[in-house]
Amino acid sequence: MSPSAEYKTLDLHDQTFLDSNEMVLNMGPQHPSTHGVLRVILKLDGEKVLGTECVIGYLHRGVEKIAENRTYVQFNPYVDRMDYVAAVSNGLGYCESVEKLINVEAPPRAQFLRVILAELNRLASHMVWLGTHALDIGAITPLFYTFRDREEVLKIFEKYCGARLTTHAFRIGGCIYEAYDGFEKDVLKYCDFLEPKIDEYESLLTGNRIWVQRTKGVGILNAADCKALGVTGPVLRAAGVKWDLRKAQPYAAYDQVEFDIPTAQNGDTFDRYIVRIQEMRQSVRILRQAVDKLPAGPTMAKVPKVLKPPVGRIYHSIEAPKGELGYFIVSDGSTQPYRVRVRPPSFVNLQALDKMVRGALIADVVAVIGTLDIVLGEVDR
Amino acid sequence: MISHFLQYLKFNGTPGEYGSTLWATIYILVIFGVASVAVMLMTYLERKILAHMQIRLGPMRVGPHGLLQPIADALKLLIKEDIVPDGADKFLFWMAPVAVMMTAFTGYLVIPFGKQHAVTNMNIGVLFMLGISSLGVLAVVMAGWSSNSKYALMGGLRSAAQMVSYEVAMGLAVVSALMMTSLATGTGTMSMIGIVESQQQQGSWFIFKFFPVGLIAFVIFAIAMVAETNRAPFDLPEAESELTAGFHTEYSGFRWSLFFLGEYVAMIGVSSIAVTLWLGGWLRPFPNALSGATWDTAFSTAPGILFFVLAAMCFIGFARMPKKPSFKVQSIGLGVFGVVLGMIGAVLLIPMVRVRVADIFWFSAKVGVFMYLYIWYRGTFPRYRFDQLMKVGWKVLLPISLAVLVLVAVIGVRHELLAGLMGVAR
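Chains E and C, in that order, are what the protein sequence lines are. Using the working numbering, you'd call the opening residue of the first sequence number 1 and step up by one each time. Using the working numbering, you'd call the opening residue of the second sequence number 382 and step up by one each time.
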């Protein structure tokens, strides 16, 4: 279904129609602000963008194929390498999908631990987004502030499971690690630490005239287009659609904590910025409640040593920091999945790029790539 | 030879006015050297200050607190491979960095660091300076076009459009300052030295003249000059996140360092215009409130005291260095640096020297403030988009500077009339 009637794709390789004002610019895969190895072919009229084409696959590692040759347990660490900025969310989605497939439910304590770690990871992911997005638009300082504060999240991860980035914190059936002594205290301390820091980011950017000019009205994607293109996450919410899988299809312990879904109306870059900032505040709120309610008890459910799920298929999705992260797993009854298909939010959101930058300037392309918050590891898998 | 030297010392003016080619050449060489060193210092300070704004340490490895980093950088750039892209216009590719350097340095001919400390007192100094600094755009366009790269071409085009549009507002702001020079004497001047002297006669820096009209003109100039030198938030021609490196994408090694040098020299150059036109050039602060010989003496000790403070900072750093053998060279280096700074400070306190260098010090200090502002902008602001940049230039700065120009004219005439009616001597 095409997003709108007048929308036509552009044949970028057809250079016969290039008049003297037009040119094709190849942006990436080595470019400071394509967030990794994204390649965008731009057709330009001066500075104006006539059309784009994304070339992806420079970071393709065949994760889905690897899954077919690993057991369910063995594949678990691989998912961390997809969206390496939000590894915990990837692990959470995969573990929950397999748990649904084998009909096991993680114990309540594990559910809450998952919520805490996933929200910490959401904060970390949003901070990476904010820093790099601001850097793309030319503000170089917020990057260092956000990375300073993200460091504290990584420290908590390291203390919890030994790894900082690709955490592999969850196992099928719960969390393998018990929270270390002082875990709750660390998380609460981090919440208190972070709230003024979020104000600090906002003081640098939200009221900044240049920031507002650069983001307001840039890369508008309305709700209808979002739905047509399958765009999810903060991009969808910034268009005014109140859709958050944590509320819509509660998983883990999200039905036991209170939080709001921040939305905005215009669906431009500024709104997406505001939505994500608000989400960070909501994450802090969730963290406080989850630590407060963290029940005692075991962290692992009884799971057979050799996992042989019954023949069947399952689609389970969670709200990753970037949008809906889904796993479609087909089991043929053996120890290895027959097929694993990942629905990565970055990949799906990226296809809105062309729609968003038509008629904009080169500087907007960079801003829009930043605001879509893509991670190429997840786009290419 | 000696008599020539002594005769010159007695002469109260610039070497250009004195008519000595030899002295002018010496001055030019000194300025060339000092400006280059200032650029090196500036790169170090920029990295250091920006780092501290961004909760980092900045260069720390080469020399104590990274003091030798600029030298290491320069050395690295010199020994880097010199790459000329295939399909580049070889001659223009070679010309562009040279042109950037030449235009940046030529403007220094008329910058008055003090009443005697300028190469020459040109009667159209400001015009010359503006003309030369706008020539810089030619070099940028040359670099962008000759590289045969799309990014470079776009950088060059952006630069051309940007410089042309900001030049207008800048020029109008300059004209309002030039009109102020005619207030007390009845005849205006375009000589850089004459402008400062006019501020001295009127007893007020032009930034405070007809408050806040002078201030607005100054702010317009201050914004336009950032755009003119392609610095953040107007650094579109080299916007890293959009055009990788803009017009100098294809340059490497020494050629690239010439662009770098040219940019910083131009920054100091336009800051010097701003200081000369609005901040009283080499004049010391508070000429009205704190006047008199006592205050003159007190202010003239400032350079010496500043160097003593810097020396003290070095000694504190020396005391706080880790007491490990591996830090021995660094500690000694910092200590020696402190001693050298202290000695310079002591020399600057000698009355004879004190009087001669006070003007250079105040001028450099004011330029230094601008340099700090440049760094501060870079640490704070996001980058403008191309169309917004144009909008700011043509729809905001230009009308305001026109209005200021008219205001200055009207207020100035009224001021003169009142003075005439009341019988106050001009």
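Idealized CB from N, CA, C, for every residue including glycine.
DSSP-derived helix/strand/coil call for residue i
{"i": "residue 60(E)", "result": "coil"}
{"i": "residue 27(E)", "result": "strand"}
{"i": "residue 478(C)", "result": "helix"}
{"i": "residue 437(C)", "result": "coil"}
{"i": "residue 195(E)", "result": "helix"}
{"i": "residue 810(C)", "result": "With chain C running from 382 to 807 in the structure shown, residue 810(C) is simply not present."}
{"i": "residue 81(E)", "result": "coil"}
{"i": "residue 53(E)", "result": "strand"}
{"i": "residue 320(E)", "result": "strand"}
{"i": "residue 472(C)", "result": "helix"}
{"i": "residue 307(E)", "result": "coil"}
{"i": "residue 257(E)", "result": "coil"}
{"i": "residue 2(E)", "result": "At residue 2(E) the pLDDT is 42, less than 50, meaning the model places this residue with poor confidence and gives no usable figure here."}
{"i": "residue 632(C)", "result": "coil"}
{"i": "residue 70(E)", "result": "coil"}
{"i": "residue 313(E)", "result": "strand"}
{"i": "residue 150(E)", "result": "helix"}
{"i": "residue 494(C)", "result": "coil"}
{"i": "residue 689(C)", "result": "helix"}
{"i": "residue 449(C)", "result": "coil"}
{"i": "residue 571(C)", "result": "coil"}
{"i": "residue 664(C)", "result": "coil"}
{"i": "residue 423(C)", "result": "helix"}
Test: residue i CB closer than 8 Å to a CB of chain E
{"i": "residue 455(C)", "result": "no"}
{"i": "residue 383(C)", "result": "no"}
{"i": "residue 623(C)", "result": "yes"}
{"i": "residue 531(C)", "result": "yes"}
{"i": "residue 437(C)", "result": "yes"}
Minimum C-alpha distance to residue i - residue among the options
{"i": "residue 174(E)", "options": "314(E), 53(E), 100(E) and 146(E)", "result": "100(E)"}
{"i": "residue 169(E)", "options": "237(E), 267(E), 250(E) and 78(E)", "result": "78(E)"}
{"i": "residue 275(E)", "options": "94(E), 123(E), 69(E) and 33(E)", "result": "123(E)"}
{"i": "residue 311(E)", "options": "263(E), 305(E) and 333(E)", "result": "333(E)"}
{"i": "residue 447(C)", "options": "470(C), 742(C), 582(C) and 714(C)", "result": "714(C)"}
{"i": "residue 364(E)", "options": "219(E), 182(E), 255(E) and 282(E)", "result": "219(E)"}
{"i": "residue 242(E)", "options": "227(E), 344(E) and 293(E)", "result": "227(E)"}
{"i": "residue 135(E)", "options": "177(E), 63(E), 61(E) and 214(E)", "result": "214(E)"}
{"i": "residue 270(E)", "options": "54(E), 94(E) and 137(E)", "result": "137(E)"}
{"i": "residue 547(C)", "options": "790(C), 780(C), 421(C) and 712(C)", "result": "780(C)"}
{"i": "residue 25(E)", "options": "453(C), 420(C) and 529(C)", "result": "529(C)"}
{"i": "residue 191(E)", "options": "342(E), 367(E), 149(E) and 240(E)", "result": "149(E)"}
{"i": "residue 479(C)", "options": "455(C), 589(C), 417(C) and 638(C)", "result": "638(C)"}
{"i": "residue 384(E)", "options": "182(E), 132(E), 147(E) and 273(E)", "result": "Look at the range of chain E in this structure, 1 to 381, and you will see that residue 384(E) is not part of it."}
{"i": "residue 627(C)", "options": "618(C), 554(C), 540(C) and 733(C)", "result": "618(C)"}
{"i": "residue 550(C)", "options": "441(C), 788(C) and 775(C)", "result": "775(C)"}
Residues sharing a beta bridge with residue i, DSSP
{"i": "residue 48(E)", "result": "45(E) and 361(E)"}
{"i": "residue 337(E)", "result": "331(E)"}
{"i": "residue 140(E)", "result": "Bridge partners of residue 140(E): none, in fact."}
{"i": "residue 430(E)", "result": "Here chain E comprises residues numbered 1 to 381, so residue 430(E) is not present and cannot be evaluated."}
{"i": "residue 40(E)", "result": "27(E) and 54(E)"}
{"i": "residue 414(C)", "result": "Paired residues: none, contrary to the question."}
{"i": "residue 226(E)", "result": "Answer by DSSP bridge pairing: none, since residue 226(E) is not bridged."}
Proximity test, Cβ basis, 8 Å: residue i and chain C
{"i": "residue 144(E)", "result": "yes"}
{"i": "residue 53(E)", "result": "no"}
{"i": "residue 378(E)", "result": "no"}
{"i": "residue 141(E)", "result": "yes"}
{"i": "residue 363(E)", "result": "yes"}
{"i": "residue 152(E)", "result": "no"}
{"i": "residue 366(E)", "result": "yes"}
{"i": "residue 148(E)", "result": "yes"}
{"i": "residue 258(E)", "result": "no"}
{"i": "residue 47(E)", "result": "yes"}
Using a Cβ-Cβ cut-off of less than 8 Å, list which residues of the stretch 752–786 of chain C approach chain E; keep chain order.
-> 759, 760, 761, 762, 763, 764, 765, 766, 767, 768 and 769
Near-chain E residues of the stretch 602–618 of chain C (beta-carbon distance less than 9 Å), N- to C-terminal order = From the stretch 602–618 of chain C, only 613, 614, 616 and 617 have a Cβ closer than 9 Å to chain E.
Anything in the stretch 422–435 of chain C with a Cβ closer than 7 Å to a Cβ of chain E? List those residues in chain order, please.
-> 434 and 435
For the stretch 189–220 of chain E, enumerate the residues whose C-beta is nearer than 8 Å to any C-beta of chain C, in chain order.
-> Taking 8 Å as the Cβ-Cβ cut-off against chain C, the residues of the stretch 189–220 of chain E that qualify are 204, 205, 208, 210, 211, 213 and 214.
Residues of the stretch 21–36 of chain E whose Cβ lies closer than 7 Å to any Cβ of chain C, in chain order | 23, 25, 31, 32 and 33
Give, in chain order, every residue of the stretch 119–142 of chain E whose Cβ lies closer than 8 Å to some Cβ of chain C.
-> 134, 135, 136, 137, 138, 139, 140 and 141
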